[in-house]
């Protein structure tokens, strides 16, 4: 058998299951630093808890906390959504000790999420970063809304 035919035979025997084993998510999430993404828009505040690899563990928002329409945008809705997130973490048995807080947007629920984490949970906030996109020229913005 020549080298070319041996290489052709080995290509046919490739298997994804043996080369890429799946990791146990409970082991990964217990040891690593978790990230809480806070998207504070003018209409709602969306919280997403991820592990160190970026896999989504839990989602909460002002709407899932029971608020509807314009009530979702307020700081109370963000506070309640944070409380709901903390209870879901404890129900699932996730070991969140240190937290990286990523803020995005300038909505009214931005500060109340930070306050709620400090009051409701015993998580250590190791880092706070702001990922809000700031335009430096570019596309023309929408016209200002007049009420």
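Residue numbers (our numbering): 62 to 208. Beta carbons are placed, not taken as given, at the ideal position from N, Cα and C, and that holds for glycine. Just so we're clear, the structure is a prediction, and the values are computed from it rather than from any experiment.
Do residue j and residue i come within 8 angstroms of each other at the CB atom, strictly closer than that value?
{"i": "residue 170", "j": "residue 123", "result": "yes"}
{"i": "residue 101", "j": "residue 199", "result": "no"}
{"i": "residue 192", "j": "residue 143", "result": "no"}
{"i": "residue 155", "j": "residue 118", "result": "yes"}
{"i": "residue 181", "j": "residue 147", "result": "yes"}
Can you tell me whether residue i is buried or exposed? The criterion is at least 16 other CB atoms within 10 Å of its CB, across all chains shown.
{"i": "residue 105", "result": "buried"}
{"i": "residue 133", "result": "buried"}
{"i": "residue 187", "result": "exposed"}
{"i": "residue 150", "result": "buried"}
{"i": "residue 95", "result": "buried"}
{"i": "residue 157", "result": "buried"}
{"i": "residue 164", "result": "buried"}
{"i": "residue 112", "result": "buried"}
{"i": "residue 208", "result": "exposed"}
Kindly list the residues whose CB is nearer than 6 angstroms to the CB of residue i, restricted to its own chain and excluding five residues on each side of it in sequence; keep chain order.
{"i": "residue 173", "result": "136, 139, 140"}
{"i": "residue 162", "result": "97, 186, 189"}
{"i": "residue 159", "result": "94, 185, 187"}
{"i": "residue 128", "result": "138"}
Which same chain residues, not among the five before or five after residue i, have their C-beta less than 8 angstroms away from its C-beta?
{"i": "residue 145", "result": "121, 125, 126"}
{"i": "residue 202", "result": "196"}
In the DSSP output, which residue or residues are listed as bridge partners for residue i?
{"i": "residue 110", "result": "97, 119"}
{"i": "residue 186", "result": "160"}
{"i": "residue 198", "result": "Per DSSP, none; premise fails for residue 198."}
{"i": "residue 105", "result": "Residue 105 is not bridged to any residue."}
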